[in-house]
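A.B. asks: Heads up: the protein sequence lines correspond to chains B and F, in order.
Quick note: the first sequence, position 215, residue 215 per my numbering, numbers continuous.
One rule links them: number in my numbering = place in the second sequence (from 1) + 246.
Glycine included, every Cβ here is placed at the ideal spot set by N, Cα and C.
There are 2 protein chains.
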Amino acid sequence: MDTLTNHVTIRNYRNEPLSEELIMQLLHAGIRASTTGNMQWYSIIITTETSIKRELELLHFNQAAAVTAPVILTFCADINRFGKWCTLNKAIPGYDNFMSFLNASIDALLVAQNFCIAAENSGLGICYLGTVTYNASEIIQLLKLPELVMPVASVAVGWPDISPLPADRLPLKAVVHRNVYKNYGDDEIMEYYHLKEQQESSVQYVRENKKETLAQVFTDIRYKKEDNEKYSDRFISTLRDQGFNV
Amino acid sequence: MDTLTNHVTIRNYRNEPLSEELIMQLLHAGIRASTTGNMQWYSIIITTETSIKRELELLHFNQAAAVTAPVILTFCADINRFGKWCTLNKAIPGYDNFMSFLNASIDALLVAQNFCIAAENSGLGICYLGTVTYNASEIIQLLKLPELVMPVASVAVGWPDISPLPADRLPLKAVVHRNVYKNYGDDEIMEYYHLKEQQESSVQYVRENKKETLAQVFTDIRYKKEDNEKYSDRFISTLRDQGFNV
């Protein structure tokens, strides 16, 4: 329980390798996660080899977590392996559709989170690299992912170099609804986001970016409409390239 | 670590309520999970009220886990709350697109898995209800989910009535690749799925369904192409109804 509540994202790692044995031990716990119909529609690529890792770092925009971590794990929705098994067994797989991609992604993400918790429980630090969905096409090429395999989560992992304080979270009542969804009034929104807006880091973001509000830092700089739309189009087109009928 | 490796899906629960206090304590750990840009694009609906829960059970095809659990949690990708905050703060949200839905879904799934691990660590049992993506539209109506909110994971939770044995998993080497993806030869596929095919439950599935192979039980009965395609169309159309440009 402490492992869960003490989670912090680690963006800098000590220059120390991670043993293959430890990674496999953590993944052994990882793959116990729930999976649709026990079909395990996922694959995990462990990248440590210097030349490939350098290229992968670049595709993750050279963010510190990717560069300083000894290992990057790429969790993929994978219907290729299951489909091969079907074909070898006189069965015709019908999994090249959006629902199967979604189920495979859920499978992959539950394994990823299980792995992260196991890693943190062993004193390691982790960082999810959101860039995986932006550059899915290039990552597919680099990691040689065949048709019906899509990367959905990348995790940098290593021994923490620094121990940052936990990030702020909205009060629990802001994200929980009883029985049915109760939509938010303006006053509630103002109350729930107040703490986040008051954080020293938030105030600094607003000032540095010469914005009026913290929300504008998100909409105008960090997660812009035009970028989201560009990456949406790219991701859907990559899904099609990988053989999914979407 | 034992909590992770001992995971079993629980499909029958004792007729005992779960305290609100315990649920909130588990969710407190849940929301420490990593989240894109610390935006927390998710909401969690806790359904315990008898009349609403009965309707929800029906939408989960009255499976035993849904019916016997005292509580069903519906984890939703939620951009409604963040969008309202933006609008109240002179910022124009650009999050009604596929990439934002994907990021929000990832956020919601990591919280769901954190919650499940916290629950299992407290002696509770859980079961993911895959039906959530099949009947998303009806679940949206029942739980009154507004635009830009989509259910992506449902979890039944309660005190286990029985303790089943852990389900089989493929050998770890079957799902792990080093540095890049190494595609599977026929012999490897045969080797990796051999144990699953030999399980007593698998042999029984094949016999009961009068099939030739276990793979046919998946493709012809449990996860059929026509169902997957029907549910894909429904999910994408529901995404559009909820205001996502996909």
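So Ile352 of chain F is in the alpha helix (DSSP H); what residue range does that whole segment cover?
C.D. replies: Taken as a continuous stretch (DSSP letters only), the alpha helix (DSSP H) holding Ile352 of chain F covers Phe344 to Asn367.
A.B. asks: For Arg240 of chain B, decide whether its Cβ has a neighbour in chain F, counting only Cβ atoms nearer than 8 Å.
C.D. replies: Output row for Arg240 of chain B: interface = no.
A.B. asks: Closest to Leu334 of chain F by C-alpha separation, out of B:Arg222, B:Glu212 and B:Glu229, would be which residue?
C.D. replies: Per the Cα distances, B:Glu212.
A.B. asks: Which term fits Pro93 of chain B, buried or exposed, when burial requires 16 or more other beta carbons within 10 angstroms of its beta carbon?
C.D. replies: Result: buried.
A.B. asks: Going along the chain, which residues of its own chain have a beta-carbon closer than 7 Å to the beta-carbon of Ile363 of chain F, five neighbours each way excluded?
C.D. replies: Once the five neighbours on either side are set aside, the close Cβ partners of Ile363 of chain F are Thr249 and Leu250.
A.B. asks: Under 8 Å, with one C-beta from each stretch per pair, do the stretch 391-411 of chain F and the stretch 348-364 of chain F reach the 3-pair mark?
C.D. replies: Touching, per the Cβ criterion.
A.B. asks: Please say whether Leu129 of chain B and Ala65 of chain B have beta carbons closer to each other than 8 Å?
C.D. replies: Yes.
A.B. asks: Could you check if Lys470 of chain F is buried or exposed, using at least 16 other CB atoms within 10 Å of its CB as the buried criterion?
C.D. replies: By the 10 Å Cβ count, Lys470 of chain F comes out exposed.
A.B. asks: Counting only Cβ pairs nearer than 7 Å, list the residues of chain B close to Met499 of chain F.
C.D. replies: In the structure as shown, chain F starts at 247 and stops at 492, and residue 499 of chain F therefore has no counterpart that could be examined.
A.B. asks: If we ignore side chains and look at the alpha-carbon of each, how far apart do Glu437 of chain F and Leu195 of chain B end up?
C.D. replies: Rounded to whole angstroms, Glu437 of chain F to Leu195 of chain B spans 55 Å at the Cα level.
A.B. asks: Hey, how far is the Cα of Leu145 of chain B from the Cα of Tyr427 of chain F?
C.D. replies: Approximately 6 Å, taken between the alpha carbons.
A.B. asks: Check each candidate in F:Leu418, F:Asp487, F:Asn425 and F:Asp473 and name the one with the smallest Cα separation from Ala33 of chain B.
C.D. replies: If we check each option's Cα against that of Ala33 of chain B, F:Leu418 comes out closest.
A.B. asks: With DSSP as the reference, please indicate the residues paired to Val422 of chain F in a beta bridge.
C.D. replies: Note: Val422 of chain F sits in a beta bridge opposite B:Ile44.
A.B. asks: Between which residues of its own chain and Thr9 of chain B is the CB-CB distance below 6 Å, once the five residues before and five after are set aside?
C.D. replies: Answer for Thr9 of chain B: Cys127, listed in chain order.
A.B. asks: From the DSSP output, which residues share a beta bridge with Asp78 of chain B?
C.D. replies: Its beta-bridge partners are B:Val149.
A.B. asks: If you follow the alpha helix (DSSP H) that Tyr451 of chain F is part of, which residue opens it and which one closes it?
C.D. replies: Residues Glu446 to Glu454.
A.B. asks: Going by other Cβ atoms of all chains shown within 10 Å of its Cβ, with 16 needed for buried, is Asn97 of chain B buried or exposed?
C.D. replies: When all chains shown are included, Asn97 of chain B counts as buried.
A.B. asks: Residue range of the beta strand (DSSP E) that Gly371 of chain F falls in?
C.D. replies: Run containing Gly371 of chain F: Gly371 to Tyr374, per the beta strand (DSSP E) assignment.
A.B. asks: How would you list, in chain order, the residues of chain B whose beta-carbon sits under 7 Å from the beta-carbon of Phe344 of chain F?
C.D. replies: In chain order: Ser232, Phe235 and Ile236.
A.B. asks: Is the Cβ-Cβ distance between Tyr42 of chain B and Ala104 of chain B less than 8 Å?
C.D. replies: Yes, Cβ-Cβ distance for Tyr42 of chain B and Ala104 of chain B is below 8 Å.
A.B. asks: Which one of B:Gln141, B:Ile31 and B:Thr47 has the shortest CA to CA distance from Ala413 of chain F?
C.D. replies: Nearest option by C-alpha distance: B:Ile31.
A.B. asks: So, are the CB atoms of Gly489 of chain F and Glu393 of chain F less than 8 Å apart?
C.D. replies: Yes, these two residues count as a Cβ contact at 8 Å.
A.B. asks: For the alpha helix (DSSP H) holding Thr35 of chain B, just list the boundary residues, first then last.
C.D. replies: Counting along the chain, Thr35 of chain B falls outside any alpha helix (DSSP H), and DSSP gives it neither H nor E.
A.B. asks: Just checking, does the stretch 65-77 of chain B make contact with the stretch 11-19 of chain B on the three C-beta pairs under 8 Å criterion?
C.D. replies: Cβ pair count under 8 Å is three or more, so yes.
A.B. asks: Out of B:Asp233, B:Ser201 and B:Tyr193, which has the shortest C-alpha to C-alpha gap to Asn135 of chain B?
C.D. replies: Nearest of B:Asp233, B:Ser201 and B:Tyr193 to Asn135 of chain B, Cα basis: B:Asp233.
A.B. asks: Can you pull the chain B neighbours of Asp407 of chain F, defined as C-beta to C-beta under 8 Å?
C.D. replies: Residues of chain B passing the Cβ test: none, with the nearest at roughly 18 Å.
A.B. asks: Using the three-state DSSP reduction, which class does Ala156 of chain B fall into: helix, strand or coil?
C.D. replies: The answer is strand: DSSP assigns Ala156 of chain B an E or B state.
A.B. asks: Counting only Cβ pairs nearer than 8 Å, list the residues of chain F close to Leu59 of chain B.
C.D. replies: The premise fails here: Leu59 of chain B is roughly 13 Å from chain F at the closest Cβ pair, so nothing lies under 8 Å.
A.B. asks: Tell whether a beta-carbon distance below 8 Å holds between Asp487 of chain F and Val395 of chain F.
C.D. replies: No.
A.B. asks: 8 Å is my cut-off, CB to CB: does Met247 of chain F come that close to chain B?
C.D. replies: Met247 of chain F counts as touching chain B.
A.B. asks: State the Cα-Cα distance for the pair Gln199 of chain B and Phe328 of chain F, rounded to the nearest angstrom.
C.D. replies: Between Gln199 of chain B and Phe328 of chain F, the C-alpha separation is close to 17 Å.
A.B. asks: For Gln216 of chain B, report the span of its alpha helix (DSSP H) as first-last.
C.D. replies: Unbroken alpha helix (DSSP H) run through Gln216 of chain B: Leu214 to Val217.
A.B. asks: Please report the distance separating the alpha-carbon of Ile291 of chain F from that of Arg178 of chain B.
C.D. replies: Taking the straight line from one Cα to the other gives about 6 Å.
A.B. asks: Along chain F, in chain order, which residues have C-beta atoms closer than 7 Å to that of Tyr13 of chain B?
C.D. replies: Those within 7 Å of Tyr13 of chain B in chain F number zero; the least Cβ separation is about 16 Å.
A.B. asks: Run the proximity test for Ala66 of chain B: is its beta-carbon closer than 7 Å to any non-hydrogen atom belonging to the ligand ATP?
C.D. replies: The model on display carries no ligand, and the ligand ATP is accordingly not part of it.
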